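Heads up: the protein sequence lines correspond to chains A and B, in order.
Everything in the first sequence is counted per our numbering, starting at 1 for the first residue and increasing by one.
Everything in the second sequence is counted per our numbering, starting at 1001 for the first residue and increasing by one.
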Amino acid sequence: MVCMELSGTASTTVTAREAGLVACTRCTRAWPLGQQTCGRCGAALVSRDRGSLQRVWALWLVGLMCYVPANTYPMLRTQQLFQVDESTIIGGAVDLAHYGAYGIAAIILIASVVIPLGKFWAIAFLAVSVRKTGGFASHHRLLMYEVVEYIGRWSMIDIFVVAILSALVQLQGLASITPGPAAFFFALSVIFTMLSAQAFDPRMIWDVQAADDEAPDNG
Amino acid sequence: MAETPPPVAIKPVRKRGLSGASFIWLIPLLALGVALWVAWQSYTSRGPVIVVTFQDGAGIAAGETKLKYRDINVGTVEKVGFGAGLERVEAHIRLKKDVAPYVDASSVFWIVQPEVTAQGISGLSTVLSGVYIEGSWDSEIGQWANTFRGSDVAPLIKPGASGLQIAFRTTTNGTLTDNAPITFRGIQVGQVGRAQIARSGAFAIVEALIYEEHRHLVNSSTRFWDTSGFSFSVGPTGAEIDFSSLATLVGGGITFDTFVSGGEAVLDGEVFDVFEDKESARTSLFTVSEVDPLQISVIFDENVSGLAVGAPVELSGFRIGTVDSLSGIVDFNQFGDSRVRLNVILSVQPARLGMSGDNTADAALRLLQDRVANGLRARLASASLLTGGLKVEMVEVEDAPPARLVAAGQDLPVMPTTQSITSDAAATVEGVFTRINNLPIEELLNSAINVMNSAEGLMSNSDLQEVPGDVSTLLSDISGLVTSDDVKNIPVALNATLTRVEGLVAELEQQRIAESLGKTLVAAAEAAGAVTSSVEGVPELVAEIQTVAANAATLEFDVLIAELVSLTSSAEDLVSSPETAQLPVALAGALDQLNATLKELREGGAVVNVNQTLASARTAADSIAVSARDLPTVIARLNTLFAQAGQTIEGFNKGDELSRSAQGALRDIQQAAKALEKLARTIERNPNSLLLGR
Chain A
1 MVCMELSGTA
11 STTVTAREAG
21 LVACTRCTRA
31 WPLGQQTCGR
41 CGAALVSRDR
51 GSLQRVWALW
61 LVGLMCYVPA
71 NTYPMLRTQQ
81 LFQVDESTII
91 GGAVDLAHYG
101 AYGIAAIILI
111 ASVVIPLGKF
121 WAIAFLAVSV
131 RKTGGFASHH
141 RLLMYEVVEY
151 IGRWSMIDIF
161 VVAILSALVQ
171 LQGLASITPG
181 PAAFFFALSV
191 IFTMLSAQAF
201 DPRMIWDVQA
211 ADDEAPDNG
Chain B
1001 MAETPPPVAI
1011 KPVRKRGLSG
1021 ASFIWLIPLL
1031 ALGVALWVAW
1041 QSYTSRGPVI
1051 VVTFQDGAGI
1061 AAGETKLKYR
1071 DINVGTVEKV
1081 GFGAGLERVE
1091 AHIRLKKDVA
1101 PYVDASSVFW
1111 IVQPEVTAQG
1121 ISGLSTVLSG
1131 VYIEGSWDSE
1141 IGQWANTFRG
1151 SDVAPLIKPG
1161 ASGLQIAFRT
1171 TTNGTLTDNA
1181 PITFRGIQVG
1191 QVGRAQIARS
1201 GAFAIVEALI
1211 YEEHRHLVNS
1221 STRFWDTSGF
1231 SFSVGPTGAE
1241 IDFSSLATLV
1251 GGGITFDTFV
1261 SGGEAVLDGE
1271 VFDVFEDKES
1281 ARTSLFTVSE
1291 VDPLQISVIF
1301 DENVSGLAVG
1311 APVELSGFRI
1321 GTVDSLSGIV
1331 DFNQFGDSRV
1341 RLNVILSVQP
1351 ARLGMSGDNT
1361 ADAALRLLQD
1371 RVANGLRARL
1381 ASASLLTGGL
1391 KVEMVEVEDA
1401 PPARLVAAGQ
1411 DLPVMPTTQS
1421 ITSDAAATVE
1431 GVFTRINNLP
1441 IEELLNSAIN
1451 VMNSAEGLMS
1461 NSDLQEVPGD
1471 VSTLLSDISG
1481 LVTSDDVKNI
1491 PVALNATLTR
1501 VEGLVAELEQ
1511 QRIAESLGKT
1521 LVAAAEAAGA
1531 VTSSVEGVPE
1541 LVAEIQTVAA
1551 NAATLEFDVL
1561 IAELVSLTSS
1571 AEDLVSSPET
1581 AQLPVALAGA
1591 LDQLNATLKE
1601 LREGGAVVNV
1611 NQTLASARTA
1621 ADSIAVSARD
1631 LPTVIARLNT
1641 LFAQAGQTIE
1651 GFNKGDELSR
1661 SAQGALRDIQ
1671 QAAKALEKLA
1681 RTIERNPNSL
1691 LLGR
């Protein structure tokens, strides 16, 4: 109640850390700073996760490493009679566009290329932006983080498509579809970017804002 | 909730060196390590790249086309491009590392694509999967090479394959088929490769492989012949069609046999002749092998038909070669006019010229040049009178204008010619046929048809059909007359008369009758003469009838029938007339009366000049005997007449003349008969008149 009144009325925001509190990230119960474990759910209480950025960057790097073979190796291996066709993600999308299926090509391009690349960029931007002050509103950054975390799971749609096709199209000899090596790497890439996004501690966004707010006051 | 937690001093988080580094960094390090290891692994397991060049791409695609060795993938085409100058297609093939060392300089590569031949269908799997490149190399590691020249077709002899490698050469006019099987007793024991034409163009040559297990079947005495196609023959055992197998019927084939023993083993590279058939292969064992023939050209001024490719070329009657080709030639500059001349190219077998030493085309040319300088000339001669075929003959011509057998530049040497001796049998035969053709056969046939029609009409004439019946009746009447007792009695009666005359004479001799009898005897002689003359009319009648017959032979035919009928009936009337029937009776009566007279004379005893009477009476008796003897002759003549009439019945006409003659003749007969009767009555009335002459 107090907090709500404060946030609604006060011109400057006081963070929990400044207020000497630490919130449990699992059950959101606030504890005094210095408390080690949550008395309610038993989760470890950390005011700021010191290793967060390291984990973000490490997993981000692995995700990016996996993303390279995911695009260079063939995603699908289509066998029709005696003809074996292997296509990469972008190659498949280009083929679809070539045959006139612009909608599907756009979906594949957005789901498999634009979104993963946007995630990499967004995570990197967030990780960088908590270190130094920038001209990007903290609320926008939080929104960006939430979007990244929400949308991350939808990147697996490619893997779903490959898995379903592989399971359905298995007509002995006539036609068969098997996942290529790119599917494995693409899945790894998605997993590692999701982990990377989860490793990010969004509370750090506000530390930067606090520094931003203090700077004019001090100056 | 009301208590406010105490303020806490905020210390900025600070990292100090690597001590604060999280273990999470192990994950990217691990991933990096794995990636690097995989990269290294794939790099080191890669084989080398070789470049194979082909005449054309034939469906080779980068990244897809495989290199196969014994049907196992051993590489993939990575890149397809062109060599320098776009001359050949280059396929860059990534080999698998384990087979790479074996791909040495002796390796061969070819493109496998679907192929349908008479021997079968091959490469069918490539219809759907696309072509692949097949490689072949031996199992020895040799010198490394990375550039190869690929072939579009599979090589006959693959590296490492064993077998007897020989070559075939065609004989004259022989043919060879690519990839034909070599069979022995129906079993394929080898294969022929791709045939090539020899540089001179005279024959085709092809390499062939006899499989290792059948190597012993071939030795230096072995003869090969072509079994392609089929032969059809009709002989005393019936029609016969003969071909080895369906495959060789369509695609050709070669088979062989060793006709004689004692051949030597054959080494790789031996060249065999392929003969046209088994017979020529067999006979070739006993003739000199034919080498490169000498080709010379002959230009004949006459453009005669009848000379054909394959016609013999003879020297002094001995066949030394064949006609290879025929063509017309027009060259105003060379001959001075634009006439078409016959250009014949002869193929002369040097071996048949009987030269000592080497049997080469050059030696044969030198020999012929020498002979041509001495007057050897070529001419056309008839090879067969029946077919009009021609041959080329080389003969020595005396006083021939000088000529030489030389080759001008690239052209073949031209043989000089002389006057040809072609008996134009064809033209003669044609003349005969023309004459036969001009015969008026149609008119002849028309006439014949008309004759037949006339004859048929005549035969079916009812009058003519009645003739035989009438004639038959006449003959039977005559027969009845002749066989009548009266006629038979005539000789008996005569005999009796003569006996009596003899007796009378004898009495006269005894009684010495007075001389006055002489006049009587003269009269008797006259009477006898009258009798004789009347009887003599019968032979005249016969002659007349004969004349009639002769006339009838010349007469028109149509008229004859009715005439003959009437003649026959007249004759019948005559014969059956009572007068005729009484004739013999009358004669008999006359004789009886004569007998009586003689009897009276004898009894009366008043006979004078017996000797003269005797002579006259004898003469008269002789005459009667003669006339009686003539009767059968008359009948025979009549018979002859009818026979003649029967023979000539087909060609005669009606004629009033015959009718009249015949009737006249018959009237004469009647008159003669009446005369006889008259004589008989006279004698009867006055028996003395015979003796007294009144």
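Just so it is clear, CB atoms sit at the ideal spot from N, CA and C, and this is done for glycine as well.
As the structure is a computational prediction, the values presented were derived from the model and not from experiment.
Item	Value
Kindly indicate which residue of Val-1274/B, Phe-1230/B, Ala-1161/B has the alpha-carbon position closest to the one of Thr-1170/B.	Val-1274/B
Quick check on Ala-1021/B - is its C-beta less than 8 Å from some C-beta in chain A?	yes
Return the residue from the list Leu-188/A, Gln-54/A, Gly-173/A that minimises the CA-CA distance to Phe-1023/B.	Gln-54/A
Sorted by chain position, which residues of the same chain lie with C-beta nearer than 8 Å to Thr-37/A's C-beta, five sequence neighbours on each side aside?	Ala-43, Ala-44, Leu-45
Take the Cβ of Lys-1097/B as the centre, count every other Cβ of all protein chains shown within 10 Å, and call the residue buried at 16 or more, exposed below.	exposed
If contacts are defined as beta-carbon pairs under 8 Å, then Gly-1057/B and Val-1080/B qualify, I think. What distance do you get, rounded to the angstrom?	6 Å
Just mark Ile-1436/B as buried or exposed, buried being the case when its beta carbon has 16 or more other beta carbons within 10 Å.	exposed
Under 9 Å Cβ-Cβ, which residues of chain A neighbour Leu-1124/B?	In chain order: nothing, as chain A lies at least about 11 Å away.
Which stretch, first to last residue, makes up the alpha helix (DSSP H) that contains Tyr-67/A?	52-72
Pull up the CB-CB distance for Arg-1379/B and Ile-1421/B, whole angstroms please, since I reckon it's below 8 Å.	7 Å
Could you tell me which chain A residues have their CB closer than 7 Å to the CB of Ser-1129/B, listed as they occur along the chain?	Phe-82
Looking at the strands, I want to know which residues DSSP matches up with Pro-1155/B.	Partner(s): none; Pro-1155/B has no beta bridge.
Just verifying my parser: in three-state terms, what is the DSSP assignment at Val-161/A?	helix
Assign Tyr-1211/B to one of three DSSP states: helix, strand, or coil.	strand
In the structure shown, what three-state DSSP assignment does Thr-1360/B receive?	coil
Do the stretch 1128-1144 of chain B and the stretch 1097-1106 of chain B make contact, defined as three or more Cβ pairs closer than 8 Å?	yes
So, is the C-beta of Ala-58/A closer than 8 Å to a C-beta in chain B?	yes
Here's a check: name, in chain order, each residue in its chain whose Cβ is nearer than 6 Å to the Cβ of Thr-1222/B, leaving out the five neighbours to either side.	Phe-1256, Thr-1258
Please determine, among Gly-1123/B, Ile-1157/B, Ala-1208/B, the residue with the shortest C-alpha to C-alpha distance to Ala-1180/B.	Ala-1208/B
Could you spell out where the beta strand (DSSP E) holding Gly-1321/B opens and where it closes?	1318-1329
Roughly how many angstroms separate the alpha carbons of Phe-1272/B and Ile-1254/B, rounded to a whole number?	12 Å
Between Ala-163/A and Ala-70/A, which are expected to be in contact by the criterion C-beta below 8 Å, what is the C-beta distance as a whole number of angstroms?	That belief does not hold up - the Cβ atoms of Ala-163/A and Ala-70/A are roughly 15 Å apart, past 8 Å.
Where does Met-1394/B fall in DSSP's three states?	strand
Excluding the five sequence neighbours on either side, which residues of its own chain have a C-beta within less than 6 Å of the C-beta of Leu-1368/B, listed in chain order?	Leu-1405
Are the C-beta of Gln-54/A and some C-beta of chain B separated by less than 8 Å?	yes
Using the beta-carbon of each residue, which ones in chain B are nearer than 9 Å to Met-65/A?	Pro-1028, Ala-1031, Leu-1032, Ala-1035
Three or more C-beta pairs closer than 8 Å, one from the stretch 1049-1069 of chain B and one from the stretch 1084-1091 of chain B: is that the case here?	yes
Between the Cα of Pro-74/A and the Cα atoms of Leu-81/A, Ser-47/A, Asp-207/A, Thr-178/A, which residue gives the shortest distance?	Thr-178/A
Suppose contacts are defined by Cβ-Cβ distances below 8 Å. Is Ala-1027/B in contact with Leu-59/A by that definition?	Per the sequence presented here, residue 1027/B reads as Ile, with Ala not at that position. Yes, these two residues count as a Cβ contact at 8 Å.
What in chain B is Cβ-close to Leu-61/A, meaning under 7 Å?	Pro-1028
In the DSSP assignment, what are the bridge partners of Trp-1110/B?	Glu-1134/B, Ser-1151/B
Using 8 Å for Cβ pairs, my map puts Leu-1412/B next to Ile-1296/B. What's the rounded Cβ distance?	6 Å
Using alpha carbons as the reference points, say which of Cys-66/A, Gly-39/A, Ala-30/A lies closest to Ser-189/A.	Cys-66/A
Around the C-beta of Ile-123/A, are 16 or more other C-beta atoms found within 10 angstroms, so that it is buried, or is it exposed?	buried
To the nearest angstrom, how far is it from the Cα of Asn-218/A to the Cα of Val-56/A?	Confidence at Asn-218/A is low in this model, with a pLDDT of 39, below 50, so the placement of that residue is unreliable and no value is reported for it.
Are the beta-carbon atoms belonging to Val-1116/B and Thr-1065/B less than 8 Å from one another?	no
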